[in-house]
Amino acid sequence: MDAIKTGIWAWLLAALLLGAACAANPVTGEQQLAMMSEQEEISVGARAYPVAIDQYGGGLPKDSAMQAYVGRVGRRVAGSSHRPELPWEFTVVESEEVNAFALPGGKIAITRGLLVRLPDEDSLAFVLAHEAGHVTARHFVSRHAKSSLINLGVVGVGVALGGSGWGGVAQRTAGTAGNLMLLSYSRDQERQADDLGSMYMIAAGYNPKAQVAVMELLLKLRDKEPSYVATLFSTHPLDQERLQTAKRRVEKVSPEVLARPMTPVPGPPKPPTLKRKRPSGYQQQG
Ligand SMILES: [Zn+2]
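Written as structure tokens, this is what we have:
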């Protein structure tokens with residue numbers, strides 16, 4: 000994981016050199032400090048994606064049933080998001096670890112270890128929609144924008160930014176908080192990704208009750224098999240409070256939506272029908 004972060008970090012620093020600017024957040028419409036234009040965001044994500052997938056032992060073959068399933072569900076929720084036009088991509092990576100991650104510009108991956116534990120398609124839809132929420136709200140850009148500035152405080156950019164508010168932060172916390180902030184989404188970002196994920200999965204026709212089941216599953220895994228979920232919990236903070244918030248969120252959803260049947264995970268592809276041997280003396284008719 001450190002290697003992934005170092006690789007991503009290198010791209011972000013390169014992007015930073017292109018200049019910081021304020022931009023409207025695609026979800027909230029609020030102005031935020033953005034290190035990258037949307038085009039740069041897409042390009043950084045696209046270049047870091049194969050590196051991150053390799054770190055996980057590679058993706059499953061493009062034509063595998065699991066890959067097709069995740070791609071189909073991912074496109075469905077991303078198509079219902081605030082940024083349907085991004086070049087979204089969803090990949091199942093070959094890892095027993097239970098994790099999912101998103102890179103800027105709509106590049107998302109889920110481990111096989113998490114995928115096989117999800118009980119229905121709606122649960123998968125929530126996991127992917129939550130990751131999509133981090134992308135649409137540009138969480139990656141803003142949290143790395145902060146840490147970029149903080150780290151660059153070490154080399155004096157803090158001075159150049161004096162007066163913007165970030166300069167002082169950069170000088171105070173140079174080199175220490177920077178690394179910590181790289182590691183995880185904030186609780187507020189997690190809550191927003193849950194809100195957005197819930198909204199996107201509902202818009203895509205799924206039952207949002209699945210978000211509660213996913214969180215309960217992950218909390219159970221943390222107690223029983225903590226090593227499998229360590230990275231997930233360090234990047235996407237999850238506690239009882241987030242679970243209770245999810246329950247309250249679901250209570251506010253209309254009864255018609257909550258009555259939607261859960262979509263079962265598609266079974267293994269049916270074996271091709273055996274061809275009957277033609278009886279001897281068979282004559283093809285006109
Ligand atoms: Zn998250």
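Going by numbering that gives the first Met the number 0, the sequence shown opens with residue 0, and the numbers climb by one from there.
Quick reminder that beta carbons are idealized off the backbone N, C-alpha and C, glycines included.
Requested in this report: Whole angstroms is fine: what's the gap from residue 50's alpha carbon to residue 115's?
Outcome: By one-based count along the sequence shown, residue 50 stands at place 51. By one-based count along the sequence shown, residue 115 stands at place 116. When rounded, the distance between both Cα atoms is 23 Å.
Requested in this report: Identify whether residue 213 lies in helix, strand or coil by the three-state DSSP scheme.
Outcome: Position 214 of the sequence shown holds residue 213. Looking at residue 213 - three-state DSSP - the assignment turns out to be helix.
Query raised in the report: What does the shell around ligand 1 hold, if a residue joins when its beta-carbon is under 6 Å from any heavy atom?
Result: 129, 133, 184, 189, 192 and 235
**Report entry** Cα-Cα separation, residue 237 to residue 250
**Finding:** Residue 237 sits at position 238 when you count from the first residue of the sequence shown. Residue 250 sits at position 251 when you count from the first residue of the sequence shown. Looking at the two C-alpha atoms, the distance is approximately 20 Å.
Query raised in the report: Per the contact definition of three or more C-beta pairs closer than 8 Å, is the region 223 to 243 in contact with the region 57 to 75?
Result: no
Report task. Flag this pair as yes or no: are the beta carbons of residue 69 and residue 89 separated by less than 7 Å? Result -> Counted from its first residue, the sequence shown places residue 69 at position 70. Counted from its first residue, the sequence shown places residue 89 at position 90. Here residue 69 is near residue 89, since their CB atoms are less than 7 Å apart.
Requested in this report: Mind reading off the beta-carbon distance from residue 98 to residue 113? Whole number of angstroms is fine, and I expect it under 8 Å.
Outcome: Mapped onto the sequence shown, residue 98 falls at position 99. Mapped onto the sequence shown, residue 113 falls at position 114. At roughly 6 Å, the Cβ-Cβ gap stays under 8 Å, so residue 98 and residue 113 are in contact.
Query raised in the report: Can you check whether the CB of residue 209 is closer than 7 Å to the CB of residue 80?
Result: Within the sequence shown, residue 80 is the residue found at index 81, counting from 1. Within the sequence shown, residue 209 is the residue found at index 210, counting from 1. No, they are not a contact pair.
Query raised in the report: If you draw a straight line from the C-alpha of residue 189 to the C-alpha of residue 248, how long is it?
Result: The residue given as residue 189 occupies position 190 in the sequence shown. The residue given as residue 248 occupies position 249 in the sequence shown. The alpha-carbon atoms of residue 189 and residue 248 are separated by roughly 14 Å.
Query raised in the report: residue 307 by DSSP, collapsed to three states: which one?
Result: Residue 307 is absent from the model: the chain starts at 0 and stops at 285.
Requested in this report: State the Cα-Cα distance for the pair residue 27 and residue 60, rounded to the nearest angstrom.
Outcome: Taking the sequence shown and counting its residues from 1, the one referred to as residue 27 is at position 28. Taking the sequence shown and counting its residues from 1, the one referred to as residue 60 is at position 61. So the two alpha carbons sit approximately 37 Å from each other.
Report task. For residue 62, name the three-state secondary structure that DSSP assigns. Result -> Walking along the sequence shown from the start, residue 62 turns up at place 63. Residue state, collapsed to three classes: coil.
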